[in-house]
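For reference, the structure discussed in these notes is given below.
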Amino acid sequence: MTPNNPQQDERPPIWIGHVSINVSDFKKSLDFFEFVGMRKVAEFQELAVLELRGGTHLVLRNKPEAAPGQASFDLMVDDLKAQQVALQEAGYAPSEIREGRIHSVFDVSEPSGNTISFYDSHVVGPV
1 MTPNNPQQDE RPPIWIGHVS INVSDFKKSL DFFEFVGMRK VAEFQELAVL ELRGGTHLVL
61 RNKPEAAPGQ ASFDLMVDDL KAQQVALQEA GYAPSEIREG RIHSVFDVSE PSGNTISFYD
121 SHVVGPV
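Taking full-length UniProt numbering, I'd label the letters of the sequence shown as residues 1 to 127.
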C-alpha cells in the first residue's frame, strides 16, 4: 500500500471530511469532545475544529441560541464499557448499554444538550 499507487491501497476511496454540530455552551461542549478523545485542531470565537481517528473533523459551531437535539452523527469506540464508565466518573449521565444486532450502544447528552450515541466498533479492514 502506497499513497502514490491507489491500486495497492485497500482503504475505501472516500471518507467524510467534516461533520458539524451547533452548540449553545461552546466551552463546555468543546471540553466534552476533547474529554471523549478528540484532538483540537483549531479554536476561534465562532467555531472549533476537532479531529477524530481517520482524519474526520468535527466542527463545533458556537450558536448560543441552538436548541438541543439528537446529533446527526454517532461515535464509535474500541471499548464501549470503558467509555461509558469514564463518562460516568466525569459526572455525565450515560444511558445503560443496549445490545443490538450489529452493535452495542449507549447515549449521553453533551453539555449543550445534544444527544450523542456511542457504538462499539465493527471495522473491517484498513481504514
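Yeah, the Cβ is synthetic: ideal placement off N, Cα and C, and Gly gets one too.
Model, not experiment: these values are computed from the prediction.
Residue range of the unbroken beta strand (DSSP E) whose run includes Ala42: Per DSSP, the unbroken beta strand (DSSP E) holding Ala42 starts and ends at 39-43.
Trp15 beta carbon less than 8 Å from that of Gly54: Cβ atoms of Gly54 and Trp15: closer than 8 Å.
C-beta neighbour in chain D for Pro64, strict 8 Å: Checking the listed chains, one finds no chain D in this structure; it contains a single protein chain.
Can you tell me whether DSSP reads Leu30 as helix, strand or coil? In the three-state DSSP reduction, Leu30 falls in the helix class (H, G or I).
On the criterion of 16 or more Cβ atoms from any shown chain inside 10 Å, does Glu110 qualify as buried, or is it exposed? Buried.
Nearest-angstrom Cβ-Cβ length linking Ala66 and Asn22, presumed shorter than 8 Å: Correct: roughly 4 Å between the Cβ atoms.
Do Met76 and Leu58 come within 8 Å of each other at the CB atom, strictly closer than that value? No.
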